[in-house]
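Colleague: In mature numbering (1 follows the signal peptide of the UniProt record, and there is no 0), the protein residues as written are -17 to -1, 1 to 983. Cβ coordinates follow ideal geometry from the N, Cα and C atoms, glycine included. Could you have a look at this structure, given as structure tokens, before my questions?
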Amino acid sequence: MPRLLLLLVFTLGPADAFEASKFRTCSQSHFCSDFSPTAAPLPPSLSLSSMTRTATGVRAVAGYRGEGGSAVVSFELLVEPLRTAAAAEAPAWRVRLLGGANSFLAASHLSLAALNPDTSADVALSFEMEAVPGPEGAGAPAAHVLRARSGRWVSELELLSAPLQAQLRVYEAGFARPAAPVAVLNGRGMLRFAAGVGLYGSLPFLLAHGGGAGGGGAGGSAGVLWLSAADTYVDLWRGGGGGVVSHWLSEGGGMDVVLLGGPGDEDVVRQLGALTGTPPLPPLWSLGYHQSHWNVKSQPQLEGIDANADRLGWPLDGLWLDIEHAQAKRYFTWDGAAFPDPRGMAAAIEPKGRRLVAIADPHLRAAPEYDIYAAAANASLLVRPPPSRGGGDAGRSGGGDGEGGGEGGLVGGAAFEGECWPGVSSWVDFLQPRAQQWWAQLYSGAGEGRPRRWPSWLHAWNDMNEPSVFSGAELTLPRDALHVVQGAPAPSPSSVEVEHRLVHNLYGALQAAATFAGLSARAGLPSGGERPFLLSRSFFVGSQRHGAVWTGDNTASWDQLRLSVQMVLALGVSGLPFTGADVGGFFGTPPPELLLRWHRYQSASHLPFFRSHAHVDSPRREPWLLPQPHAAHALEALRERQRLLPFWYTLCWDAASGALPSAEGLPLVRPLWLGSGGGGSPPASPAGAGKPVPRSALLLADTAFTVGADLLVFPVATKGASNVEVPLPVHGCGGAPCEWFSVSSGARLRGGFWHSEPVGLGSMPRYQRGGSILPRRERVRRSALLAVWDPISLHAALDAAGHAAGRLYLDDGVTARLPAALHEHQQSGGLLEAARAGAATAPESELEGAPPQHAARSAGAGVGALLLFNVTCEEKRSAQSTDGGGGGHVVRCILSSRPTRPLALGESVGPLPASVYVERVLLRGLSPLVVDQSTRLADWLPSSLAPGSGKRPTASVGGAAPRPLGGKVEATPHGLLLERLHLPCDEAWDIEVPGAVLDG
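Take a look at the structure:
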């Protein structure tokens, strides 16, 4: 039986400080304790009949019966195979149990992508129904089992005798049927992480890892997506056959589960992405460094942070405003005394390439004079208390069971009220389509007589949207608060209302969706102004389509430093790629070493979203306030982040566009086991290599990760560490054993072995995968947008065969274009020619302000290009000691670049601004061919690459005849370095290195 590792993804953290009595355990929750598999069995009542084969799957009728055998309610059971481009080998299955009381499907609001039934004849389906006997003398089965088979995969769903309970098993035909603690999937507005309690969002996704080659192996991998937004408990336990059983229990609603067939880990994750949607292409500046602090309470404070970054030479891309910017914490307003000129404040930072982000929570101060609240209340767009509660004090949030009502607002008791930051507040009912549209119009200004309340120069942050209610018994909305999902609120005959218990985990995701819709309309997507940016604390399945997510209110501790990586990796595997954690911890005061490790030598500068944020009572956290040498190391961390932004931006393009099918649905940062396969033995241990790395070590290395597939990062997350042991994966490199190059030393290392590396305050282990090419920009400016058309450097790491490949996506970093529409984009030749004529070479200084060609870059906003790079080396002869090569092979190498139009590979691309070109190439794994050992490398010339041949490295641009390569060639410990090049990014070119040594 293949060994199964189950990854259940939701946001948990270690215990810090919280009121445990505020949160129910399973035994304290009536629905969980009544229906838990450990509880006494209920009288059997489930009956399935009328199963028929349909054109798309299987349909059956299920009925719940009372004690006398009378039918209580009927359900429809639908089973459909789903196929997407990412699910070619094994289709996904969707199982839905519809109908009956409280059967509202929150998933219907998700607009899941590509959920189209597969009707092709090549999908072999078979279904079985098995009755599981109940207690002796019961007279009816206790449960029924539905088995769906496709190829070698069997998906087995056991429906128990209580609503919304299911035990799910996915296993390979021919193996024994596969058989933890309870996990709670219900986001709450907690102030700190707490062990065993779901926090800000819910991703009810489970990945069963089979542990074989290619991420699948003999047993393969499979996934489960449980589409319930209700309070959900999940039990995991090991069955008698050596496998693991998962038991899912939701408080209410309809059952909607998708089974993902794999067969490999990456296949499952790609299938999940294909079904739930792709993220938007973020603006470039959002991938840079963000400075935020709750205690920024005035315009001079914010302007001071901006000025200090300039004065001290620190890159900075985003400045953030928390709740203190709003008048009396009434969102969509400004505190005029503290922020007298917000438009001028934003206008001052915009030429520097920086952007401003401000907060808007879903609660509105319940004050008639607050026009936003008055508009929502008068239009009945607020969450309502239960009718039995009515208005008055009895309707306010509270009560031992969390099921209180709310005091009446403008409409005589129609709005729930509770306590949050502004005081007594009401919550927008985002389950209402009308409320979603109204909220979006606050950002877009669309609609007759509706002025935009959110300025066009301001980006968005949605917080407290679990939703958080300070006065609630569970720190959130009461479970019986009412949402309108269809029609007008009661007593309208068209009204369809559901209780909050059924949709809780969807609430914050719907706020984010409405916010993003408004921002997108404001920008004029798919073509128009600047691309929007949104950060949300709460999330659900599909939230990746609306922007970034962060892990919430963490604490300054080494444990939570490590936890932040684990959480970001789990979120990424579950479909949320653009995530991060508050650098340094939201609560507490981190010592300099902890803050430094968090800034760089842990993960923050190598995670997708990179923001420093802290509590109002925490001391100032700007990184330049660190003592030396910590500040110098932190500065280098921010500079290296900006250098790598071309690589990050290309990964985001691949995730958003679908232009690279192998990357569809895959996260930006990945655990070492994802795609690294398994099975087999590592190659024979080379001299100096450490111990072999077993597959289990990659599964347990939960703080190490790769950025994309090509840059392995091993954060130093232990106080006072001086040495670390790094497991280097061997699989996942196209069938050949992986090789890795140390970024710090340049050494070539064999995958499949542990590597020991010393670390200090100024070092962190990073490794580039052999066979990859990473694009970079070596010139560091005060922000990413000021470097958007600067020259490019390429770091190519050659594999054992002398090959490497990479990609680079280029555009102006902000223009609003949906990736799906880019192939229709028509370039403006006049503007591009003007940009080419007016651009100048960027200054050589390490950190510069707005360069002279900034206006020309804006003129070239219509440009978009995807560059494909490739290195191919062919062997000429073995390198002998007389050649000075010291081993290896003498090779002839060609580095090529092919620019294409995005999403239309093979088409030519229009001219880019002249300031963007490839200026530097590092070829890791390649050494010069030296005849005379006395030759000084400092004097080494290109002509010495091919002794006696008279040939020099050549470059052919745009199909022209090859010419001698200009610039400088240098041998370094990291490989062969070609500098001072001027190779255009908008034309095809080839560089030939006629003779060099490929290190063996």
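Would you list, in sequence order, the uninterrupted beta strand (DSSP E) runs of no fewer than 3 residues that lie entirely inside the segment 741 to 775?
Modeller: 749 to 752, 755 to 759
Colleague: Is GLU482 helix, strand or coil when you go by DSSP?
Modeller: strand
Colleague: Quick check on this structure: which residue in GLY745, GLU513, LEU682 has the alpha carbon closest to the alpha carbon of ASN706?
Modeller: GLY745
Colleague: Would LYS674 be called buried (16 or more neighbouring beta carbons within 10 Å of its own) or exposed?
Modeller: exposed
Colleague: So, helix, strand or coil for ASN361, using DSSP?
Modeller: In this structure, DSSP gives ASN361 a helical state, which the three-state scheme calls helix.
Colleague: Tell me which residues share the same chain as PRO741 and place their Cβ nearer than 7 Å to its Cβ, disregarding the 5 neighbours each side in the sequence.
Modeller: SER705, ASN706
Colleague: Are there 16 or more other CB atoms within 10 angstroms of the CB of THR689, so buried, or fewer, so exposed?
Modeller: buried
Colleague: Let me make sure I understand the geometry here. Which of LEU791, ALA954, GLY958, PRO187 has the alpha-carbon closest to that of TRP231?
Modeller: PRO187
Colleague: Apart from the five residues on each side of it in sequence, which residues of its chain come closer than 6 Å, Cβ to Cβ, to ARG963?
Modeller: Once the five neighbours on either side are set aside, the close Cβ partners of ARG963 are GLY950, LYS951.
Colleague: If you follow the alpha helix (DSSP H) that THR955 is in, where does it begin and where does it stop?
Modeller: For THR955, there is no enclosing alpha helix (DSSP H); the residue is found in the beta strand (DSSP E) stretching over 951 to 955.
Colleague: Verify whether the separation of the beta carbon atoms of GLN625 and GLY958 is less than 8 Å.
Modeller: Contact flag unset, no.
Colleague: Enumerate, from N- to C-terminal direction, the unbroken beta strand (DSSP E) stretches of 3 or more residues contained entirely within the segment 532 to 613.
Modeller: 593 to 595
Colleague: Run through DSSP, which three-state label would THR259 get?
Modeller: helix
Colleague: Can you round the beta-carbon distance between ALA617 and PRO606 to whole angstroms, since I take them to be within the 8 Å contact cut?
Modeller: 4 Å
Colleague: Between the segment 783 to 792 and the segment 652 to 661, do three or more beta carbon pairs fall short of 8 Å?
Modeller: By the Cβ test, the segment 783 to 792 is not in contact with the segment 652 to 661, since fewer than three Cβ pairs between them sit closer than 8 Å.
Colleague: Quick one: what does DSSP say GLY812 is sitting in, helix, strand or coil?
Modeller: The predicted position of GLY812 is uncertain, since its pLDDT is 25 and thus under 50; a value taken from the coordinates is nonetheless stated next. Here GLY812 sits in helix by DSSP.
Colleague: If PHE724 and GLY753 are in contact, beta carbons under 8 Å, what's the gap, nearest whole angstrom?
Modeller: 7 Å
Colleague: Taking the alpha-carbon positions, what's the TRP268 to LEU850 distance?
Modeller: When rounded, the distance between both Cα atoms is 21 Å.
Colleague: Using the C-alpha atoms, what's the distance from GLY184 back to PHE523?
Modeller: 6 Å
Colleague: Just verifying my parser: in three-state terms, what is the DSSP assignment at SER659?
Modeller: coil
Colleague: Between ARG435 and SER427, is the Cβ-Cβ spacing less than 8 Å?
Modeller: yes
Colleague: How about PRO345 and PHE413: are their beta carbons less than 8 Å apart?
Modeller: With respect to PHE413, PRO345 sits close: the two C-beta atoms are nearer than 8 Å.
Colleague: If you pair each beta-carbon of the segment 337 to 355 with each one of the segment 441 to 452, do three or more pairs fall below 8 Å?
Modeller: By the Cβ rule, the segment 337 to 355 counts as touching the segment 441 to 452, because three or more pairs are nearer than 8 Å.
Colleague: Using CA atoms only, rank isn't needed, just tell me which of PRO575, LEU590, SER540, THR562 is closest to GLY568.
Modeller: Checking every option, the nearest Cα to that of GLY568 belongs to SER540.
Colleague: In the DSSP assignment, find the beta strand (DSSP E) that holds ALA938 and state where it starts and stops.
Modeller: 937 to 940
Colleague: Compare the C-alpha of ALA564 against each of ARG594, LEU255, LEU552, PRO575 and name the closest.
Modeller: Taking the Cα of ALA564 as reference, the smallest distance to any Cα among ARG594, LEU255, LEU552, PRO575 is reached at ARG594.
Colleague: Nearest to LEU554 by CA position, among LEU189, LYS312, SER910, THR459, is which residue?
Modeller: LEU189
Colleague: Taking only the alpha-carbon atoms, compute the straight-line gap between GLU970 and ARG765 and give it to the nearest angstrom.
Modeller: Looking at the two C-alpha atoms, the distance is approximately 29 Å.
Colleague: Do you know offhand how far GLN420's Cα is from VAL340's?
Modeller: Inter-residue distance for GLN420 and VAL340 is about 22 Å (C-alpha atoms, whole angstroms).
Colleague: Going along the chain, which residues of its own chain have a beta-carbon closer than 8 Å to the beta-carbon of ALA495, five neighbours each way excluded?
Modeller: ASN445, ASN448, LEU517, SER519, SER521, PHE522, SER526, HIS529, GLY530
Colleague: Quick one: any contact between the segment 248 to 265 and the segment 288 to 295, if contact means 3 or more CB pairs under 8 Å?
Modeller: no
Colleague: Tell me which residues share the same chain as LYS280 and place their Cβ nearer than 7 Å to its Cβ, disregarding the 5 neighbours each side in the sequence.
Modeller: GLU307, ALA321
Colleague: Can you name the residues that DSSP bridges to ASP318?
Modeller: Answer by DSSP bridge pairing: none, since ASP318 is not bridged.
Colleague: Tell me the DSSP secondary structure of TYR183 in three-state form.
Modeller: coil
Colleague: Can you name the start and end residues of the alpha helix (DSSP H) that THR633 belongs to?
Modeller: 628 to 640
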